[in-house]
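S.K.: Below: one structure in structure tokens.
Residue numbers (our numbering), protein chains in the order written: chain Z, 460 to 918; chain S, 3 to 446.
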């Protein structure tokens, strides 16, 4: 490490680091009642980064040898050499790493026979939940990432990160109509997590219930209306509407719709949103981020006022702020950038049942698919996969999937009720940015937004 | 030779009890540089390799892959894959294609640039020129997410325990620019790109930059609309996403899982008679071309939809056997396993110019960008966020944002009442401008 960083980099750049990674993935897939697909993948490699001013040189190799690392360092530095250093050196890494997911038996090491047995039981359970279920696809994915990072300022830290996810997809058929339902969960937990508290059974019956329910869904409405969001995974609203817009890089460059709005009111005073990478065993949690900074809890919006950005080292240095432990990367093949961890809204005072009752005509959305945001104009979308019409405070017909679209800096100003029932999601989120995917978490109490566009077909 | 390594791995698999096996090796090097506000921002170099192995023990199979090609690691991969195959369930449809069906001659599709490499300074200059053109083309372009130049050189090798062992190389080059236009506090970002297998075929960096800037500037002053049902015209980029959805629904895994809106529709009318979609793997130097598929089968030209009738699915050997059909030679290998992938997929052009298509609309929506994931491949239900221009009396009148377009893909395909003549093979999946008779645009 010292030889690569020391001789090649120190003194000529503002910041530099070497990241080493070893990763094992295992995927087991059941379909048509049997586990016919099993795979195991191993990746290893190293990335060397040198930064000077706003410039980053990054080189990676999947052959970890001193020769390759030195070559990578030389290439990374070549870029830094072309510019004058900003003279504003990165602070040495500080703080103790957390210990959020130590476990005796990581999920990747759990007995294969037990995993296969669970998949078969899920298949039976899902089919038994509703006679209209004709196909079940269930999978268990397990991963272990071992990382080590050494920075030019002399900070070296490592982390061993277990991760697992169980997913159940059910296809229901009736009278020539077909529908799909999906449910799952996981986290930085042992395999036994799925067996505890009846989780696997709940995932199975939820997937079946959703698929069967959608068979009778009516056309979704089109236009702006009051929408009540259920607790948990609908927190993807926050991830898209404000999360990405508060990542340091976009704000440093002035390309975010939130740029320059620190201290301003961007949400209703009922709204407090945090990004917290320190919650034990959560999918979005990390002991240290991928630059070696211990993760933290960043208050993004407090009582409606914009209070914080999520930062990696580069953007924190350039903005004269502190790194917040949000520097993340998909793998050694990529340089890190500011990313979310677990992003959620704090609970409010309202009774969730009362929130629903308060709606005269609107939509109650409880399950969502993916979302996306245009950082610059603030427009975000996310797709409701389970939603119901609400008439006079009562839930009526389920509606077909529809995209909801809104404007980030504006949408949360219309939050009129916040429930007391904060829930974090089950552990299924994956966030994409610039071609890099990382596991994340979201959370939300039941909330009511007065006016968001629902993209259905019923005008 | 990379095939030698694969052959030795397959030999070891046989020794470990595999009755058949195939392996795929990718070796690639990549360089990219980005420039933002005329300053270098990122320079990335990489060298990667990945060997993936699929083994069969009788009718059971498993796969494994590694980026570590050391002897120890390769031995471990073989042992793990064979051990996994011994615990998975038998599947009567599993197995390699019939050895007599694999190709013996690999066609030369001219997928490699023969020219020498540019220096990093020359590559930086290309990105700099592209961004500068965007910044200079209009005073309203005030900021930028940057411009990127990238190039890639890859070698793909495939071998089977039946004795197939071939490889081929490709190169790829791209330029992209993402400028930001602003006016009175409003900011709008857009994007344009050019990519090609030969560097000389890249569009001029200045042209890419100017086009990106024009796309960003035309979004300034965007309005929300009242919800309405109107004709919708998709530009070639957004029309191509419809073709991608059709290809996804026509691909083997979604069919045998009964998770496709095209299930049981082979030979039936699924689109307007003006719609013909082909997948052609053999176009010289094209981005999606490949000389053989991920199972060593000869690639060719498949007509997916002819004059509105669904004529073929996209299948690999496994999906074909499950459906009682023949492989259409669309097996893809991504370095970790086998899947069904398209090559160059095109909705063939009609005779109408895009101006005529827009001109034919009295009151409607011209879509230039779609966001979100609101496509249900099982039912075809469609609802996505959209950006574009409102059409009034046949003219683009003003920009529109924060709306959705919704319908059902089967109904949308049948409602196509105009196919443009502006098809350009600038990506793997392409379409000309398309006009759809009626769709719901949701807004306020």
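Glycine included, each C-beta is placed from N, C-alpha and C at the ideal position.
Measuring alpha carbon to alpha carbon, tell me which of Z:497, Z:558, Z:554 ends up nearest residue 745 of chain Z.
M.R.: Minimum Cα distance to residue 745 of chain Z is reached at Z:558.
S.K.: Please name the residue in Z:839, Z:878, Z:693, Z:912 whose C-alpha comes closest to that of residue 886 of chain Z.
M.R.: Taking only the C-alpha atoms, the option nearest residue 886 of chain Z is Z:693.
S.K.: Using a Cβ-Cβ cut-off of 7 Å (strictly less than) and excluding sequence neighbours within five positions of residue 405 of chain S, which residues of its own chain qualify?
M.R.: Cβ within range, chain order: 226, 227, 388, 443, 444, 445.
S.K.: When you compare the CB positions of residue 16 of chain S and residue 59 of chain S, do they come within less than 7 Å of one another, or not?
M.R.: No, they are not a contact pair.
S.K.: Could you tell me which of Z:908, Z:852, Z:707, Z:582 sits nearest to residue 817 of chain Z, measuring between CA atoms?
M.R.: Residue Z:852 is the option with its Cα nearest to residue 817 of chain Z.
S.K.: Between the beta-carbon of residue 293 of chain S and the beta-carbon of residue 111 of chain S, is there less than 7 Å?
M.R.: Their beta carbons are under 7 Å apart, which means residue 293 of chain S touches residue 111 of chain S by this criterion.
S.K.: Which chain S residues are close to residue 494 of chain Z, counting only those with a beta carbon under 7 Å from its beta carbon?
M.R.: Neighbours of residue 494 of chain Z on chain S, chain order: 90, 91.
S.K.: Quick check: the region 586-602 of chain Z against the region 481-493 of chain Z, are there 3 or more CB pairs under 8 Å?
M.R.: Cβ pair count under 8 Å is three or more, so yes.
S.K.: To the nearest angstrom, how far is the alpha carbon of residue 161 of chain S from that of residue 12 of chain S?
M.R.: Taking the straight line from one Cα to the other gives about 8 Å.
S.K.: The region 174-197 of chain S: which residues have C-beta closer than 7 Å to a C-beta of chain Z, in chain order?
M.R.: Against chain Z - using a Cβ distance shorter than 7 Å - the residues of the region 174-197 of chain S are 182, 189, 190, 191.
S.K.: Closest Cβ-Cβ distance between residue 375 of chain S and chain B: below 7 Å?
M.R.: Absence of chain B from the displayed structure is noted, the protein chains being Z and S.
S.K.: At which residue ranges does the region 412-438 of chain S contain complete beta strand (DSSP E) runs of 3 or more residues, listed in the order of the chain?
M.R.: The region 412-438 of chain S contains these whole beta strand (DSSP E) runs: 418-421.
S.K.: My output table needs one value for residue 546 of chain Z: the three-state DSSP class, helix, strand or coil.
M.R.: In this prediction, residue 546 of chain Z has a pLDDT of 48, which is less than 50 and means its spatial position is unreliable; nothing more can be read from the coordinates.
S.K.: Taking the alpha carbon of residue 938 of chain Z as the point to measure from, which residue in Z:767, Z:755, Z:811 has its own alpha carbon closest?
M.R.: Since the displayed chain Z opens at 460 and closes at 918, residue 938 of chain Z lies outside it and no answer follows.
S.K.: With a cut-off of 7 Å, does the C-beta of residue 546 of chain Z fall near any C-beta of chain S?
M.R.: Confidence in residue 546 of chain Z is poor, its pLDDT being 48 and thus under 50, which makes the residue's placement too unreliable to answer from.
S.K.: Which chain Z residues are close to residue 264 of chain S, counting only those with a beta carbon under 8 Å from its beta carbon?
M.R.: Correct list: empty, because the minimum Cβ distance to chain Z is about 11 Å.
S.K.: Kindly provide the ranges of any beta strand (DSSP E) runs that are 3 or more residues long and lie completely inside the region 703-739 of chain Z, ordered along the chain.
M.R.: If we require 3 residues or more, the beta strand (DSSP E) runs fully inside the region 703-739 of chain Z come out as 732-735.
S.K.: Rounded to whole angstroms, what's the CA-CA distance from residue 446 of chain Z to residue 758 of chain Z? Just pull it up for me.
M.R.: For residue 446 of chain Z there is no data in the structure shown, the boundaries of chain Z being 460 and 918.
S.K.: Please classify residue 897 of chain Z as buried or exposed, where buried requires at least 16 other C-beta atoms within 10 Å of its C-beta.
M.R.: That one is buried.
S.K.: Tell me the rounded alpha-carbon separation between residue 637 of chain Z and residue 264 of chain S.
M.R.: In a straight line, the C-alpha of residue 637 of chain Z is about 11 Å away from that of residue 264 of chain S.
S.K.: Between the Cα of residue 203 of chain S and those of S:346, S:174, S:129, S:107, spot the shortest distance and give me the residue it belongs to.
M.R.: The option with the nearest alpha carbon to residue 203 of chain S is S:174.
S.K.: Taking the alpha helix (DSSP H) that residue 211 of chain S belongs to, which residues open and close that run?
M.R.: From DSSP, the alpha helix (DSSP H) with residue 211 of chain S extends over 207-219.
S.K.: When the Cα of residue 311 of chain S is compared with those of S:278, S:304, S:330, which residue comes out closest?
M.R.: Looking at the Cα atoms, S:278 is the closest of the given residues.
S.K.: Could you name the residues of chain Z that residue 259 of chain S contacts, counting a contact when the two beta carbons are closer than 8 Å?
M.R.: Going along chain Z in sequence order, the residues near residue 259 of chain S (Cβ under 8 Å) are 490, 594, 596, 630.
S.K.: Checking the sheet assignment: what are the DSSP bridge partners for residue 606 of chain Z?
M.R.: Residue 606 of chain Z pairs with Z:480, Z:618.
S.K.: Between which two residues does the beta strand (DSSP E) harbouring residue 153 of chain S extend?
M.R.: Looking at the DSSP string, the run of the beta strand (DSSP E) that includes residue 153 of chain S is 143-162.
S.K.: On the three-state DSSP scale, how would you describe residue 388 of chain S?
M.R.: Reduced to three states, the DSSP call for residue 388 of chain S is strand.
S.K.: Kindly indicate which residue of Z:731, Z:688, Z:879 has the alpha-carbon position closest to the one of residue 841 of chain Z.
M.R.: Of the candidates Z:731, Z:688, Z:879, the one whose C-alpha sits nearest the C-alpha of residue 841 of chain Z is Z:688.
S.K.: Going straight from the alpha carbon of residue 883 of chain Z to that of residue 811 of chain Z, what length do you get?
M.R.: Between residue 883 of chain Z and residue 811 of chain Z, the C-alpha separation is close to 16 Å.
S.K.: What residues in its chain sit with their C-beta under 6 Å from that of residue 198 of chain S, if we drop five residues either side in the sequence?
M.R.: The answer, listed in chain order, is 175, 204.
S.K.: Just by C-beta distance, which residues in the region 37-51 of chain S are closer than 9 Å to chain Z?
M.R.: Result list: 38, 39, 41, 42, 43, 44, 45, 46, 47, 48, 49, 50, 51.
S.K.: Which chain S residues are close to residue 638 of chain Z, counting only those with a beta carbon under 7 Å from its beta carbon?
M.R.: Within 7 Å Cβ-Cβ: 380, 381.
S.K.: Can you pull the chain S residues whose beta carbon is under 7 Å from the beta carbon of residue 571 of chain Z, in chain order?
M.R.: Ordered by position in chain S, the residues that pass the 7 Å Cβ test against residue 571 of chain Z are 89.
S.K.: Shorter than 7 Å from the beta carbon of residue 61 of chain S to some beta carbon of chain Z?
M.R.: Not one chain Z Cβ lies under 7 Å of residue 61 of chain S.
S.K.: Whole angstroms are fine: how far does the CA of residue 217 of chain S sit from the CA of residue 92 of chain S?
M.R.: Those two C-alpha atoms are separated by around 54 Å.
S.K.: Anything in chain S within Cβ reach of residue 517 of chain Z, meaning under 9 Å, just list it in chain order.
M.R.: In chain order: 44, 45, 46, 47, 48.
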